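These notes are about the structure you will find just below.
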Amino acid sequence: MPSVREFLLPDLGEGLTEAEIVRWLVADGDMVAVDQPVVEVETAKATVELPCPYAGVVTRRYGGEGDVLAVGAPLVAVTVEETAAPAGEPRATGSGSVLVGYGTRETPRRRPAPAAVPAVTVPAVTVPVRPAPVPGSAPAGPAGPVPVVSPLVRQLARRHGLDLRSVPGSGAGGLILRSDVDAAIRRAEREPVGVPPVTAVPGPAHGPHGSDGPEPVRVPLRGRRAAAAAKFSRSRREIPDATCWVEADATALLEARAALARPDGAPIGLLALLARICVAGLARHPQLNASVDTAREEIVRWPATHLGFAAQSARGLTVPVVRDAHLRDTAGLAAELARLTASARAGTLTPAEVTGGTFTLNNYGVFGVDGSTPILNHPEAAMLGVGRIAEKPWVHEGRLAVRRTVQLSLTFDHRVCDGAEAAGFLRHVADRVERPLRLLEDL
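Take 6 as the starting number for the sequence shown in this note's numbering and just add one per residue.
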């Protein structure tokens, strides 16, 4: 006897509660096999393909491209043909997958996260810190607590001044979904309450805000872009950052790059050399490989260096993480940077590959700019910025010469260290850029 099975949007881990449909890989009426990918979804962390645990005919797809579904909501319905099982044996109903992206087969895109290493905590000795309120949260009123899980939904409501207690939830157990908030915002825009009517002033339209001008373009703030916006806002709100910078002669570093190669013959890029310099600097200045635990009022110094680096992809900026960068040599760093960069451009990074960083290297020089005032990648405490390398008159060995120079900047959380410590790290980096052979002292 045929029966209909619904494949629900699985728990994607990393605290994620919703995902946006990017692309359907099947159509209504298609036959699917067990663990066949049926849809590509984007979360706040990565874009992944979801395998269906049932074999049969696709009878319904819940949502179109661009729709946002909550974890546990129906994703696709499949009509399966039930088969009789031998006496005493349970009937097979699916692949037995227990985690999204994992079927009963080996999945090369997924790698287990490394074992957690205990962190060293020290009492904060600068400014007392307190937990920040959850964006968009509202105190429980007569109607009781607000059943909202997604921080993105809370942020959307807060940005539009919407009281979540007034929004009816359509999710399981009254859970308020993003679609509920979007509908409430549209209702509020159509039927404003307590706002006096606006009288139009006769006259010509001026630009996009005039009555006869073109309508503005509205781009949905969803998926990774929405998550990045929330993270940037939180970083600016919570972290008292400061920046110091220095200009360095990178001529010798470029010469070293030209002379080095990986064991497989591939060249070692400039980013790998800068990553190696960062790792060496953090070994001498561990105060910067840290974060602040506001709930416990502690500075957490991480024993392992998980190095994030900014990478541009078709879906925007992302920050892949080289795990255990302190255990890799220069060639190993180069290989992992190349692998993660290729995955970022292909849109195949897993959530584990874009989380857990302890320090970020940002090479914005590839965009042809000299400097920047970056926003720290919360909850990390520091970021090294690298500008473009350009020819410039420079005093070298007592004489004026044309050299290849670069501007280096360090943005840091002033709660974890003072300016002297930050300057010491940046000076260490600049010295290794100018004299890369000094890296041998760090081995």
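Quick reminder that beta carbons are idealized off the backbone N, C-alpha and C, glycines included.
No experiment lies behind these values; they were computed from the predicted model shown.
_Distance between Cys422 and Asp298 (C-alpha atoms, nearest Å)_ = Here residue 298 refers to the residue found at position 293 when the sequence shown is read from its first residue. Here residue 422 refers to the residue found at position 417 when the sequence shown is read from its first residue. Whole-angstrom Cα-Cα distance: 15 angstroms.
*May I have the straight-line CA-CA distance separating Phe417 from Ala427, to the nearest angstrom?*
As a first step, residue 417 must be located in the sequence shown, where it is residue number 412. As a first step, residue 427 must be located in the sequence shown, where it is residue number 422. Straight-line Cα distance between these residues: approximately 7 angstroms.
*Give the secondary structure of Ser171 by DSSP, where H, G and I count as helix, E and B as strand, and everything else as coil.*
Locating residue 171 in the sequence shown gives position 166, counting from the first residue. Reduced to three states, the DSSP call for Ser171 is helix.
*asked:* Going by DSSP in three states, Ser296 sits in which element: helix, strand or coil?
replied: Taking the sequence shown and counting its residues from 1, the one referred to as residue 296 is at position 291. Reduced to three states, the DSSP call for Ser296 is strand.
*asked:* In this structure, how does DSSP classify Val158 when only helix, strand and coil are distinguished?
replied: The residue given as residue 158 occupies position 153 in the sequence shown. Three-state result, Val158: helix.
*Rounded to a whole number of angstroms, what is the C-alpha to C-alpha distance between Asp436 and Leu279?*
Taking the sequence shown and counting its residues from 1, the one referred to as residue 436 is at position 431. Taking the sequence shown and counting its residues from 1, the one referred to as residue 279 is at position 274. So the alpha carbons of these two residues sit roughly 12 angstroms apart.
_Assuming the contact rule is C-beta atoms closer than 8 angstroms, Ala288 and His331 should be a hit. Round their C-beta distance to whole Å, please._
For this step, residue 288 is matched to residue 283 along the sequence shown. For this step, residue 331 is matched to residue 326 along the sequence shown. Rounded, the Cβ-Cβ distance is 7 angstroms, consistent with contact.
*asked:* What ranges does the beta strand (DSSP E) occupy inside the region 300 to 359, keeping only unbroken runs of at least 3 residues that lie completely in it?
replied: 303 to 306, 312 to 314, 316 to 318 and 321 to 323
_Using a Cβ-Cβ cutoff of less than 8 angstroms, which residues in the same chain neighbour Gly424 once the five nearest sequence positions on both sides are dropped?_
Locating residue 424 in the sequence shown gives position 419, counting from the first residue. Ala247 and Cys249, listed in sequence order.
*Compute the Euclidean distance between the alpha carbons of Glu47 and Ala395, then round it to the nearest angstrom.*
Position 42 of the sequence shown holds residue 47. Position 390 of the sequence shown holds residue 395. Between Glu47 and Ala395, the C-alpha separation is close to 38 angstroms.
*Just how far apart, CA to CA, sit Val39 and Leu55?*
Counted from its first residue, the sequence shown places residue 39 at position 34. Counted from its first residue, the sequence shown places residue 55 at position 50. Distance between the alpha carbons of Val39 and Leu55 is about 11 angstroms.
*Using three-state DSSP, classify Pro272 as helix, strand or coil.*
Locating residue 272 in the sequence shown gives position 267, where the first residue counts as 1. Strand at Pro272.
*Give the range of the beta strand (DSSP E) segment to which Ala82 is assigned.*
The sequence position of residue 82 within the sequence shown is 77, counting from 1. Pro79 to Glu86 is the span of the beta strand (DSSP E), which, as asked, contains Ala82.
_Rounded Cβ spacing between Val43 and Val81 (contact assumed at less than 8 angstroms)_ = For the purposes of this step, residue 43 is identified with residue 38 of the sequence shown, where counting begins at 1. For the purposes of this step, residue 81 is identified with residue 76 of the sequence shown, where counting begins at 1. Contact holds; Cβ gap of about 6 angstroms.
*Can you check DSSP and say which residues form a bridge with Lys236?*
Residue mapping note: residue 236 aligns to position 231 of the sequence shown, counting from 1. Paired residues: none, contrary to the question.
*Just how far apart, CA to CA, sit Phe12 and Pro58?*
Looking up residue 12 in the sequence shown gives position 7. Looking up residue 58 in the sequence shown gives position 53. Whole-angstrom Cα-Cα distance: 7 angstroms.
*Measure the C-alpha to C-alpha separation of Arg440 and Val391 and round it to an integer number of angstroms.*
Taking the first residue of the sequence shown as 1, we reach residue 440 at position 435. Taking the first residue of the sequence shown as 1, we reach residue 391 at position 386. For Arg440 and Val391, the distance between alpha carbons rounds to 17 angstroms.
*Burial state of Ala264 (16 or more Cβ within 10 Å)*: Taking the sequence shown and counting its residues from 1, one reaches residue 264 at position 259. Classification for Ala264: exposed.
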